Ligand SMILES: Nc1ncnc2c1ncn2[C@@H]1O[C@H](COP(=O)(O)OP(=O)(O)O)[C@@H](O)[C@H]1O
Ligand SMILES: [Mg+2]
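Chains as they are written, first to last, in our numbering: chain A, 207 to 713; chain B, -1 to 354.
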């Protein structure tokens, strides 16, 4: 076995209201590529920020080559040979590669450009990190900028290199190039850690894997000793309570039809890839998947917030593709977005103003004026009907708790008698009471004939709520199963990107 | 632990700022600005109390002084309304100066072109032309912002300088008074193009327009469907988009209304006060109006009050000139007030606590 480079023992880190890491143990070995795998929010970045001295752990110890260390800052860490490439690059755009590498270098105040350039070239050749030292950062592609970050760390003498979600911004070709470079580095004895939530990268490129879930280190193993289905189960957790909440079969005609829908994410990369799906009236169709696999893009494509690059979206025979958001709302599409504050509700506006968001064009509030008596009455009606706890309907919604916010949002969205409800992570961050309430509302709407598209990362929720389960992975549909036939193992495998549609028998 | 007993001052965000704190902070900030400026006055050998006394007395101490203060306040109000409208939607229209000038130019062209029209149609025509000109001038940064997301601060500001040059071109060129001496100004408008004034003062009908505009603007912003859209878009573009609001269209619309109001301020100034177009018409009214709008927290009624105070400041600034004190003192005070009110805002938004 190879030599231990880093050992983290019993790490705990809390932020106000969240335990980001607890009792986390991690061993990193020289000459290996180590994958830190876990869902969004599992605590991966926090753990690595602790290792590089950015955060101070509440508890726990770190050993480097068996020596106890206590880094006060990333500077301490890099001096000891631990360097990190963050998700957001820390490069000065108008400066050249050389200048960026030299920035923050201690020592002689006379900067020797030729010497630095020579050393950069040396590092480039040694590991295959091709980049032009004199190029300005803004001229470089994202992949090249990432290489500059890596060079920066190597230049400073990193023997342990950590990369936080390095592939999130890369194209598949760039991903392959990156891991070739990382392999070169491992072969020279460096210890590499990369953070990801993508199963196939782990299986393709890692030697050793540690899975984090909800702040805990669940398990560490060599890649050859595991498989995707085990990893999927470790990531999302096994314990699924099978008590159904959605007990009536009310499934009706086809309401929503997606035909080969494609769309790009904010970085311009393909995030939804020829997605084809049908949702029926009176049905809850759950989209299962590890967060960040195109769920948000899917929800935005359906509701008109994101342009389609391909395909068609049809609601009861009417083409919604690339219609305006307004028209789509008017066709009866309700949207419970992932982002309650940033999108679904305006934090500083009153309850009344927030209740009106979707309905303010309704002439019942007045022709040009908005009758304040009518709007107030509407707000009070919804607040009472959904038992939203607020001081007054004039208070800004930022004073409300998460559960009450979500109730208010659902009250508004279901008030227009939607034909389709798109709900994205609707129970994220809610307590059990609020969760039950949200689920009751969705089931009631479904029983009354609405088609419900429930996007969730919580298999527990999915098994309680769904009539059918569709799995999304890297923007593609992996398959659709009726909930009765959806074995947890199969769903887990599909979530990890394994195609099980033909070969069901050997699972 | 060594630093266990160390006291620390921390800022804690307030969930809601009580109204009285906001008011208190503003009043205290204005006083702080007066004190701050008095240091400068002292250094230049003036007695600050005397300067402030003279300024106050000439601005508010007599009915004549107050009437002159109101005259100065009218264009400030109009431009501030326009600015407030745009700022409500978080569109930073810094171009009121230019929009006001273009409004004045358009009104002047009408007044000089149709000297034979009866008074009411002529004045109405001048108002319409001024609003269209100001609105179109603001449309340029509006379109650039809306379609190419060009920063409106830069474009609207730069257009102010273009506007000044356009005015210069006209008063030195085509509109220059053919009978006058060599001054760069137009000939005086016919009487029909003058806004009527009250009694023996120079306060003109424009003040009624301004007060009406305040009421209308308040209702538009707070009671109409469009005002609601402006509020939501200003609060969060994301939420507005999610709700199906047309952000592009509203940016354009708001910029045009904003420019039209400033343009109307230009019209009332040429038609009500100067009775001709001269290049020194504005001397930074459009910039002062930004300060007024901001101090007023974009509330139209507060704008009326603050404009009168600032009108007093400008008016008082002229008077102290006669005592040998630079009129720039008034400008310095304006700047200092804005500086302190902006700085004081932190006390309105945060609680200060000392912890051990
Ligand atoms: N600086 C911070 N302040 C407060 N909470 C934080 C901070 N950083 C992370 N968290 C919280 O800690 C948890 C773990 O976050 P993170 O380590 O970023 O997860 P991951 O990188 O696995 O997605 C999350 O619930 C996140 O909201
Ligand atoms: Mg992270």
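Even glycine gets a Cβ: it sits at the ideal position worked out from N, Cα and C. Model, not experiment: these values are computed from the prediction.
Note that the C-beta distance between residue 369 (chain A) and residue 401 (chain A) is below 8 Å.
Looking only at A:245, A:254, A:640 and A:209, the smallest Cα-Cα distance to residue 217 (chain A) is reached by A:254.
The stretch 224 to 234 of chain B makes no contact with the stretch 21 to 32 of chain B; the number of CB pairs closer than 8 Å stays below 3. Of all C-beta pairs linking the stretch 263 to 276 of chain B to the stretch 125 to 141 of chain B, three or more are shorter than 8 Å, placing the two stretches in contact. Residue 559 (chain A) belongs to the set of residues whose beta carbon lies under 8 Å from a beta carbon in chain B.
In the DSSP assignment, residue 425 (chain A) forms a beta bridge with A:417. DSSP places residue 610 (chain A) in the uninterrupted alpha helix (DSSP H) bounded by 608 to 621. Note on the stretch 237 to 311 of chain B: whole alpha helix (DSSP H) runs with a minimum of 4 residues are 245 to 267 and 283 to 293, in chain order. Pairwise C-beta distances place the stretch 281 to 289 of chain B out of contact with the stretch 165 to 185 of chain B, as fewer than three of them are shorter than 8 Å.
Close to residue 606 (chain A), with beta-carbon spacing below 7 Å, lies no residue of chain B; the smallest spacing is near 11 Å.
In this structure residue 623 (chain A) is exposed. Its beta-carbon is surrounded by fewer than 16 other beta-carbon atoms within 10 angstroms.
Of the candidates A:408, A:425 and A:410, A:425 places its Cα closest to the Cα of residue 416 (chain A).
The Cβ-Cβ distance between residue 357 (chain A) and residue 326 (chain A) falls below 8 Å. Beta-bridge analysis with DSSP links residue 159 (chain B) to no other residue. With a cutoff of 8 Å on beta-carbon distance, residue 241 (chain A) and residue 420 (chain A) are scored as not near each other. In this structure the stretch 242 to 260 of chain B does not touch the stretch 577 to 597 of chain A; the number of beta carbon pairs closer than 8 Å is below three. The beta carbon of residue 466 (chain A) is closer than 7 Å to those of 480, 482, 516 and 517 in its chain, skipping five residues each way along the sequence. Annotation note: the stretch 577 to 606 of chain A contains no uninterrupted beta strand (DSSP E) run of length 3 or greater. For residue 524 (chain A), same chain residues with a beta-carbon under 8 Å away, outside a window of 5 residues either side, are 537 in chain order. By the Cβ-count criterion, residue 693 (chain A) is exposed, with fewer than 16 other Cβ atoms from all chains shown falling within 10 Å of its own Cβ.
In the DSSP assignment, the residues bridged to residue 688 (chain A) are A:674. Relative to the Cα of residue 636 (chain A), the nearest Cα in the group A:657, A:613 and A:655 belongs to A:613. Of A:293, A:703 and A:215, the smallest CA-CA separation from residue 422 (chain A) is found for A:215.
Residues of the same chain with a CB within less than 6 Å of the CB of residue 456 (chain A), apart from the 5 flanking positions on each side, are 488 and 653 in chain order. Contact check between the stretch 583 to 602 of chain A and the stretch 550 to 562 of chain A: three or more CB pairs, one atom from each, fall below 8 Å, which counts as touching. Residue 15 (chain B) has a beta carbon lying at 8 Å or more from every beta carbon in chain A. Put simply, the stretch 322 to 340 of chain A touches the stretch 287 to 305 of chain A. At least three CB pairs are less than 8 Å apart.
Going by DSSP, residue 190 (chain B) is part of no beta strand (DSSP E) at all; its letter is neither H nor E. With a beta-carbon spacing of about 40 Å, residue 504 (chain A) and residue 284 (chain A) fall beyond the 8 Å limit used to define contacts.
Checking the DSSP bridge columns, you'll see residue 393 (chain A) has no partner listed. Setting aside the 5 residues that flank it on each side, residue 362 (chain A) is surrounded in the same chain by 284 and 289, each with a C-beta closer than 7 Å to its C-beta; the list follows chain order. C-alpha of residue 500 (chain A) to C-alpha of residue 20 (chain B): approximately 45 Å in a straight line. In this structure, the straight-line span from the alpha carbon of residue 209 (chain B) to that of residue 310 (chain B) is close to 18 Å. Under the DSSP definition of a beta bridge, residue 679 (chain A) partners with A:682. In the three-state reduction of the DSSP assignment, residue 645 (chain A) falls in the helix class, which pools H, G and I. Contact between residue 83 (chain B) and residue 230 (chain B) is ruled out by a C-beta separation of about 15 Å, above the 8 Å threshold.
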